[in-house]
Amino acid sequence: MQELHNADTFCESWSVAPMRLLSLTLSLASSLFVAASLVERPDRIPFDGQYLKPNASNTAVEWWWGHAIAEPTGNNPPAAFQYLFYQGYPFALGPRDPTLPEFYIVVNGFFPNGTRFSGTIPATSGTVTSHAQEVAGSWGGAGSFRGSPDLSTFTIHLDAPEYGFVGSVKLTSRAAHHFGCNTTSGPYFESILDQHTTLSAAEEILFTKLGWAISVPGAVSEVDMKINGARLRFTGQGYHDANWAPAPLNTAVDSWFFGTASVGDYDLSYISVSPSNSTRTLNTGYLAHKGIVLQNQCSLEGTKSKDRSVIKPYGLDQSSSGVPVPTGFIIDYILGNGEMYSFNLSSVGSSAQNPDEVVYHRWVGQASGGKVGGVSEQGLTVFEWLNPGLVPYSV
Ligand SMILES: *[C@@H]1O[C@H](CO)[C@@H](O)[C@H](O)[C@H]1NC(C)=O
Ligand SMILES: *[C@@H]1O[C@H](CO)[C@@H](O)[C@H](O)[C@H]1NC(C)=O
Ligand SMILES: *[C@@H]1O[C@H](CO)[C@@H](O)[C@H](O)[C@H]1NC(C)=O
Ligand SMILES: *[C@@H]1O[C@H](CO)[C@@H](O)[C@H](O)[C@H]1NC(C)=O
Ligand SMILES: *[C@@H]1O[C@H](CO)[C@@H](O)[C@H](O)[C@H]1NC(C)=O
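Note that the UniProt record's numbering numbers the sequence shown so that position 308 is 308, with each residue one more than the last.
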């Protein structure tokens with residue numbers, strides 16, 4: 001496979017110097033102190049709006065992520081386009097390098113013939129404004145986004161010909177927005193804890209300060225993008241969410257699995273996250289059918305017998321970043337009423353991975369599943385493994 005790299009990714013140093021991570025020492029206590037002054041009251045913030053105020057002199061990070069994906073051609077990975085509008089850095093080793101931009105857009109994907117593309121577009125600003133639930137992001141000199149007032153569409157525009165990206169992606173939602181737990185009142189995970197739980201600094205960030213808002217749980221996507229002069233144009237599936245944290249992920253998280261899929265009329269997503277140096281795994285499961293929510297749960301893994309989900313990686317592949325990685329995931333949903341659903345998210349291995357870095361793996365692929373014992377539907381998926389703790393994978 002050919003690769004097009006129109007710009008170096010700023011986290012490149014992670015793939016060349018992973019061992020530095022092991023000696024990473026950041027003051028969690030001071031990041032928590034900073035966090036207090038950063039947090040706005042969530043009930044006043046538009047659902048897909050600005051929750052923190054990352055700036056060049058704090059450690060906060062906030063990002064708006066989304067993707068579009070189309071039926072594959074032959075045995076190629078599905079054509080795909082993924083965007084990240086960043087404020088700050090999700091992985092950071094020590095103080096911020098002042099030469100790196102505070103605001104930037106990262107793009108990854110595949111052409112229908114299986115050729116990868118990726119790029120990082122620096123921006124002169126990264127401003128998110130809102131009017132009721134309508135949000136507008138403006139990344140100066142790079143691109144913009146807009147979420148409609150009823151959260152039914154999310155559209156991005158890139159206008160960075162000098163970095164090889166000009167065009168748009170439009171997502172039309174097919175399910176209502178939701179947070180990671182079964183609530184509309186807050187984007188955090190503290191409901192998994194009982195009030196007497198003593199938390200480590202990393203657990204405190206992950207469970208109570210790291211936010212997740214899913215404004216488009218599943219979508220019809222329309223992509224029309226010029227990438228280094230080549231056109232990528234398709235109608236397919238999609239998804240959009242946003243995250244924020246007062247400190248980089250590597251200060252709080254060892255391993256983070258995320259995935260989303262649209263399979264027939266089902267839309268699903270999950271995360272399974274291990275805080276640094278902790279055995280408490282945060283697990284979420286969201287499953288909707290024709291827009292009706294069947295499950296939307298968060299919990300500590302192993303604490304529930306129903307209304308739970310099970311996230312299991314399988315397979316073994318050697319990624320080109322040199323570490324063993326899974327090739328797919330089985331996601332089981334056990335509803336509150338005992339009904340069971342199961343989905344198989346699979347990729348075709350390293351040729352479907354982009355990015356492929358020691359600490360950041362993302363795959364595109366196919367998905368199948370539905371109600372256990374019922375008809376198995378077919379669909380498409382994107383799944384990720386963020387691994388700042390360099391947790392080894394084996395089968
Ligand atoms: C950056 O954020 C911190 C709070 O984390 C605040 O004290 C500081 O004034 C901000 N700096 C700028 C330039 O906005
Ligand atoms: C909570 O989950 C139930 C299904 O168990 C679902 O009907 C409801 O819409 C969910 N509420 C939210 C806010 O996600
Ligand atoms: C695949 O498609 C891209 C975009 O059209 C093109 O740049 C690339 O050369 C193609 N690769 C092959 C191997 O045909
Ligand atoms: C986790 O534990 C290791 C070994 O004790 C330590 O070096 C590292 O700083 C810890 N990580 C965090 C985020 O607390
Ligand atoms: C999941 O899908 C992959 C690819 O189709 C297949 O090889 C694998 O056997 C499936 N696993 C299960 C448990 O169904």
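Each residue gets a CB set at the ideal place from its N, CA and C atoms; glycine is no exception.
Is DSSP giving P161 helix, strand or coil here? Residue mapping note: residue 161 aligns to position 161 of the sequence shown, counting from 1. Reduced to three states, the DSSP call for P161 is helix.
Roughly how many angstroms separate the alpha carbons of Y253 and S200, rounded to a whole number? Here the question's residue 253 lines up with position 253 in the sequence shown. Here the question's residue 200 lines up with position 200 in the sequence shown. Residue 253 is actually Val in this sequence, not Tyr. Going from the Cα of V253 to the Cα of S200 covers about 12 Å.
Give every residue whose Cβ lies closer than 7 Å to any heavy atom of ligand 2, listed in chain order. H178, N182, T183, T184, V293, L294, Q295, N296, D307, L335, G336
Give the C-beta separation of G285 and Y333 to the nearest angstrom, bearing in mind that I take them to be a contact with Cβ-Cβ under 8 Å. Working through the sequence shown from its first residue, we reach residue 285 at position 285. Working through the sequence shown from its first residue, we reach residue 333 at position 333. Y333 and G285 do touch by the CB rule: their CB atoms are close to 5 Å apart, below 8 Å.
Assign N55 to one of two classes, buried (16 or more other C-beta atoms within 10 Å of its C-beta) or exposed (fewer than that). Numbered from its first residue, the sequence shown carries residue 55 at position 55. Classification for N55: exposed.
Please go through the same chain and pick out, in chain order, the residues whose beta-carbon is closer than 8 Å to the beta-carbon of G379, but skip the five residues on each side of it. By one-based count along the sequence shown, residue 379 stands at place 379. Excluding residues up to 5 positions away in sequence, Q237, A261, S262, V263, G264, Y266, Q366, A367, S368 lie with their Cβ nearer than 8 Å to the Cβ of G379 in the same chain.
Under 7 Å: does the beta carbon of G349 sit that close to some heavy atom of ligand 5? Position 349 of the sequence shown, counted from the first residue, corresponds to residue 349. Not under cutoff, so the answer is no.
Would you tell me roughly how many angstroms separate the C-alpha atoms of E301 and N283, rounded to the nearest one? Locating residue 301 in the sequence shown gives position 301, where the first residue counts as 1. Locating residue 283 in the sequence shown gives position 283, where the first residue counts as 1. Approximately 6 Å, taken between the alpha carbons.
Taking the alpha-carbon of T127 as reference, which of S148, G119, G109, F103 has the nearest alpha-carbon? Sequence index remark: in the sequence shown, residue 127 carries index 127 (1-based). Put simply, of S148, G119, G109, F103 the residue whose alpha carbon is nearest the alpha carbon of T127 is F103.
By the three-class DSSP mapping on this structure, what secondary structure does S185 have? Here the question's residue 185 lines up with position 185 in the sequence shown. In the structure shown, S185 sits in coil (DSSP, three-state: anything other than H, G, I, E or B).
Could you tell me the distance, in whole angstroms, from the CA atom of E12 to the CA atom of T120? Counted from its first residue, the sequence shown places residue 12 at position 12. Counted from its first residue, the sequence shown places residue 120 at position 120. Note on E12: pLDDT 35, under 50, position unreliable in the model; the coordinate value appears next. Computed Cα separation, rounded: 11 Å.
Coarse secondary structure for E204, derived from DSSP in three states: Here residue 204 refers to the residue found at position 204 when the sequence shown is read from its first residue. E204: helix per DSSP, three-state reduction.
Alpha-carbon spacing of L390 relative to L93, whole angstroms: One-based indexing of the sequence shown puts residue 390 at position 390. One-based indexing of the sequence shown puts residue 93 at position 93. Cα to Cα, the separation comes out at about 14 Å.
For Q87 and E62, believed in contact at Cβ under 8 Å, the rounded distance: Here residue 62 refers to the residue found at position 62 of the sequence shown. Here residue 87 refers to the residue found at position 87 of the sequence shown. That pair is a contact at about 5 Å.
Ligand 5 and I311: does any heavy atom of the ligand fall closer than 7 Å to the residue's C-beta? Looking up residue 311 in the sequence shown gives position 311. I311: no, Cβ never under 7 Å from ligand 5.
Does the region 183 to 191 come close enough to the region 219 to 234 to have 3 or more Cβ pairs within less than 8 Å? Note that the region 183 to 191 does not touch the region 219 to 234; fewer than 3 beta-carbon pairs, one per stretch, sit closer than 8 Å.
What are the residues that DSSP puts in a beta bridge with A213? Position 213 of the sequence shown, counted from the first residue, corresponds to residue 213. A213 pairs with F179, A242.
N-terminal and C-terminal residue of the beta strand (DSSP E) that D356 is part of: Looking up residue 356 in the sequence shown gives position 356. Its beta strand (DSSP E) spans residues 353 to 357.
Closer than 5 Å between the C-beta and any heavy atom of ligand 5: which residues qualify, listed along the chain? Any residue whose Cβ sits closer than 5 Å to a heavy atom of ligand 5 makes the list: N344, S346.
Count the C-beta pairs between the region 346 to 366 and the region 208 to 218 that are closer than 8 Å, then say yes if the count reaches three, no if not. no
Per DSSP, the bridge partner or partners of S347: Counting from 1 along the sequence shown, the entry for residue 347 is found at position 347. Looking at the DSSP assignment, S347 forms a beta bridge with G365.
Near ligand 3: A230 beta-carbon under 7 Å from a heavy atom: Locating residue 230 in the sequence shown gives position 230, counting from the first residue. Correct: A230 has its Cβ closer than 7 Å to ligand 3.
Which whole runs of the alpha helix (DSSP H) in the region 260 to 317 are 4 residues long or more, in chain order? none
Using a threshold of 8 Å, state whether the C-beta atoms of V372 and V323 are closer than that. Position 372 of the sequence shown, counted from the first residue, corresponds to residue 372. Position 323 of the sequence shown, counted from the first residue, corresponds to residue 323. In this structure, V323 does not lie closer than 8 Å to V372 by Cβ.
Would you give the residue range spanned by the beta strand (DSSP E) that T59 belongs to? Residue 59 sits at position 59 when you count from the first residue of the sequence shown. Looking at the DSSP string, T59 is not in any beta strand (DSSP E), and its letter there is neither H nor E.
Apart from the five residues just before and just after residue 476, which ones in its own chain have a Cβ nearer than 6 Å to its Cβ? Nothing can be reported for residue 476: it is not among the residues displayed for the chain, which extend from 1 to 395.
Is any heavy atom of ligand 3 found at a distance shorter than 7 Å from the C-beta of N113? Locating residue 113 in the sequence shown gives position 113, counting from the first residue. Correct: N113 has its Cβ closer than 7 Å to ligand 3.
Within a Cβ cutoff of 7 Å, which residues of the same chain sit near E203, ignoring the five residues on either side of it in sequence? Along the sequence shown, read from residue 1 onward, the residue named residue 203 stands at position 203. Contacts found: P275, S278, R280.
When DSSP labels each residue in this structure, what does R174 get in the three-state scheme? In the sequence shown, counting from the first residue as 1, residue 174 sits at position 174. In this structure, R174 counts as coil in the three-state DSSP scheme.
Give a single yes or no on whether K53 has its beta carbon closer than 7 Å to a heavy atom of ligand 1. As a working note, residue 53 is residue 53 in the sequence shown. Under cutoff, so the answer is yes.
Determine whether the beta carbon atoms of Q295 and L335 lie at a separation below 8 Å. Walking along the sequence shown from the start, residue 295 turns up at place 295. Walking along the sequence shown from the start, residue 335 turns up at place 335. Yes. Within cutoff.
Sheet register partners of V128 (DSSP bridge): Counting from 1 along the sequence shown, the entry for residue 128 is found at position 128. According to DSSP, V128 bridges with G137.
With respect to 7 Å, is the separation between the Cβ of N58 and the closest non-hydrogen atom of ligand 1 below this value? Numbered from its first residue, the sequence shown carries residue 58 at position 58. If you check the C-beta of N58 against ligand 1, you find a heavy atom less than 7 Å away.
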